[in-house]
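Protein chains in written order, with the working numbering: chain A, 789 to 1180; chain B, 789 to 1180.
Structure first, then comments.
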């Protein structure tokens, strides 16, 4: 039969990155294209030990239906941790456990946006969020990123010119794909603009705990006095990505609505792994574990930067991140990122063309994203060598 | 601030059943209101054993990001099982692993329905599905159920009168909440009507494996020659509900679209438990396990029916299911189901009023749903005794 898909999804295509991920089956391909945490960062033994104890001690609760909001103990722990680590108070806010950070993004858009509404996002931005917004037929408006975060004047222009704006979507810390941080001053400005133009900020912070250089900058949510900010994050980069456990902290009224749509989306997040996260934080030192991940990523990032400095500093400009998973590279000669990615694949190294991260998918740009968390040290060295050959 | 929620969700409220579930903290309350599988039905020891071996043997794959479609081996196993057990061929169809059966329902509506479109459902029907449809601002049209399934003449009238119908949502086997099965004749008729009026059928079959009496009836999907039927089901009632692993089998083109929206919804389903389901089917006899669950539910259903026969047959009519989790009871004197549920709670026994399951939430009806899988035998006996007192 001839299927009539809904207007909101009929033009949607699979994410380019996910498709690249699927085609990674060529064993000779080195992927610098992923956004995966390092396999070395998963605390297998401790997770195996907790898992055995969950089956022995609380098997029924771990395998039966649970409540949509999430495992109550984990919710309390996250509320406490958000207060301690991010300065995010729980007065007026609630925490809900989500199926990865992605679900928090998806459901926030679902509860706040009608078809034809506008979401302002950074240019470039996280493809998974952009596609989630597209799946509700929201119009995306990209605002240029500078080294210290979004261009504030252009943001205000975008807000002025798009009265149907409902959300500003931001990854202020170790931005995906650029790896940069928004300055404190700009964070304050963005919050002021959200107040002035009566819109909500969705602050996505999956990488905030992965700082290996520089100084922490307060989250926008920590400065939010009026329930203007929905904050989401995840355990994907600190415990395991495949378990799909994230969390969202937002104004009570918004979280209540998200609970209602989560209920009909997946009822609740896998309860066994919610318990596992909770017990990990209770029984082990998660901050020591995160400190190890930071060390690992600093070493990997430094290695990739050294290889880039040695081989490609004449041809490329690139960010020097203080945390997160990504480096953003731009061709000094203005060559198309798509063309570079194709040349790279011919040399058996995968990178993600910058255009993938743009609100307007038809644009090209002379940039591409590199990931240093997933490849081994040898793959980083060989990958950058191949990239250098591709750009010769 | 004053939040402006999207039109599709602004009037949505939490599911009455989930709210009842939350209020079940009163230790003296006996709940006959749940839809949970029996805690006795979870194969804890085998799951614990597999879990330990996954951590020992394939920890990276079990904790890292995976592909949206699902664990490839589990997909193959389910395709084979759907062929063997349900007569569902894979020519033209694909299988995707979903985060519970609920996600399959939610995302099918998302890819097929615009706001203002119509979904025809059984009256009464599963509240989780109705609310998922409402969350896309779809109009619901309920069609009366008879003892052998949906009223076919009324269904055709509904299709005629609602040209914007995109989907017919059905639970043909051990229907929730009524516990009845649609006859083979009606299944064929429904498929003919879907062809005639060019709509898709969403066949929800979470209870199909739980038959403890009577003869199997072919699924509608098994008779689908033209890609008219999307079929979804779950491991929730046979392995564990809390792990949130379900599956959907539908026409390739529809499944491809569902993959795209699942990608932006939760990226993929918890991969560890996908592997666990796969290894369970590989290493143990899942049919023997299901046979045990059937025996358990037959005993519990018989017990509840005996108690009803002894105490309430003068006041109530009720279904006598051949499988599934539910009995549907109707007051012979026409008393409101909401009034009965309130009287029951006063006697410390919880049932779900029938109005909860109606497309038109403002309607009342003289019925309520009873569940026999979750309560212990003692709770079934005492629960029906309390219900009898409530109806005195």
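Note that CB positions come from ideal geometry on N, CA and C, so glycine has one too.
Do residue i and residue j have their CB atoms nearer than 8 angstroms?
i, j, result
"residue 912 of chain A", "residue 966 of chain A", "yes"
"residue 902 of chain B", "residue 794 of chain A", "yes"
"residue 1034 of chain B", "residue 892 of chain B", "yes"
"residue 1097 of chain A", "residue 1126 of chain A", "no"
"residue 1025 of chain B", "residue 998 of chain B", "yes"
"residue 935 of chain A", "residue 959 of chain A", "no"
"residue 1052 of chain B", "residue 1018 of chain B", "no"
"residue 1136 of chain B", "residue 1099 of chain B", "no"
"residue 875 of chain B", "residue 961 of chain B", "no"
"residue 1138 of chain B", "residue 909 of chain B", "no"
"residue 1046 of chain A", "residue 896 of chain A", "yes"
"residue 850 of chain A", "residue 1060 of chain A", "yes"
"residue 937 of chain A", "residue 984 of chain A", "no"
"residue 840 of chain A", "residue 836 of chain B", "yes"
"residue 802 of chain B", "residue 1048 of chain A", "yes"
"residue 1161 of chain A", "residue 1104 of chain A", "no"
"residue 915 of chain B", "residue 1145 of chain B", "yes"
Tell me the DSSP secondary structure of residue i in three-state form.
i, result
"residue 968 of chain B", "coil"
"residue 914 of chain A", "coil"
"residue 1174 of chain A", "helix"
"residue 1043 of chain A", "helix"
"residue 844 of chain B", "helix"
"residue 860 of chain B", "helix"
"residue 832 of chain B", "helix"
"residue 839 of chain A", "helix"
"residue 920 of chain B", "helix"
"residue 850 of chain B", "helix"
"residue 1032 of chain B", "coil"
"residue 886 of chain B", "strand"
"residue 1016 of chain B", "coil"
"residue 1001 of chain A", "coil"
"residue 1147 of chain A", "coil"
"residue 821 of chain B", "coil"
"residue 1022 of chain B", "strand"
"residue 937 of chain B", "strand"
"residue 958 of chain A", "strand"
My understanding is that residue i touches residue j, with C-beta atoms under 8 angstroms, so please give their C-beta distance in whole angstroms.
i, j, result
"residue 956 of chain A", "residue 982 of chain A", "6 angstroms"
"residue 952 of chain A", "residue 900 of chain A", "The pair is not a contact, with the Cβ atoms about 12 angstroms apart (cut-off 8 angstroms)."
"residue 1020 of chain B", "residue 878 of chain B", "In fact, because the Cβ distance is near 15 angstroms, the residues do not count as touching under 8 angstroms."
"residue 1118 of chain A", "residue 1155 of chain A", "4 angstroms"
"residue 1041 of chain A", "residue 791 of chain B", "6 angstroms"
"residue 1071 of chain B", "residue 863 of chain B", "Actually they do not touch by this definition, with Cβ atoms about 18 angstroms apart."
"residue 852 of chain B", "residue 1171 of chain A", "At roughly 19 angstroms, the Cβ-Cβ gap does not stay under 8 angstroms, so residue 852 of chain B and residue 1171 of chain A are not in contact."
Give the straight-line distance between the Cα atoms of residue i and residue j, rounded to the nearest whole angstrom.
i, j, result
"residue 1107 of chain A", "residue 1092 of chain A", "11 angstroms"
"residue 1143 of chain A", "residue 1158 of chain A", "14 angstroms"
"residue 1128 of chain A", "residue 1164 of chain A", "22 angstroms"
"residue 873 of chain A", "residue 994 of chain A", "14 angstroms"
"residue 1010 of chain B", "residue 796 of chain A", "30 angstroms"
"residue 859 of chain B", "residue 1012 of chain B", "26 angstroms"
"residue 1166 of chain B", "residue 821 of chain B", "16 angstroms"
"residue 884 of chain A", "residue 947 of chain A", "29 angstroms"
"residue 945 of chain B", "residue 824 of chain B", "35 angstroms"
"residue 1179 of chain B", "residue 1134 of chain B", "11 angstroms"
"residue 870 of chain A", "residue 1016 of chain A", "17 angstroms"
"residue 867 of chain A", "residue 1077 of chain A", "20 angstroms"
"residue 1000 of chain A", "residue 798 of chain B", "42 angstroms"
"residue 1095 of chain B", "residue 800 of chain B", "37 angstroms"
"residue 830 of chain B", "residue 1055 of chain A", "19 angstroms"
"residue 919 of chain B", "residue 933 of chain B", "19 angstroms"
Would you mind reading off the limits of the alpha helix (DSSP H) that contains residue i?
i, result
"residue 1134 of chain B", "1125 to 1134"
"residue 1107 of chain A", "Where residue 1107 of chain A is concerned, there is no enclosing alpha helix (DSSP H), given that its DSSP letter is neither H nor E."
"residue 1064 of chain B", "1059 to 1071"
"residue 941 of chain B", "940 to 949"
"residue 952 of chain B", "Segment: none, residue 952 of chain B is in no alpha helix (DSSP H) and carries neither H nor E."
"residue 1094 of chain B", "1074 to 1100"
Got a sec, what are the start and stop residues for the beta strand (DSSP E) residue i sits in?
i, result
"residue 929 of chain B", "927 to 934"
"residue 1009 of chain B", "No beta strand (DSSP E) contains residue 1009 of chain B, which DSSP labels as neither H nor E."
"residue 1159 of chain B", "1155 to 1159"
"residue 990 of chain B", "988 to 992"
"residue 1115 of chain A", "1114 to 1119"
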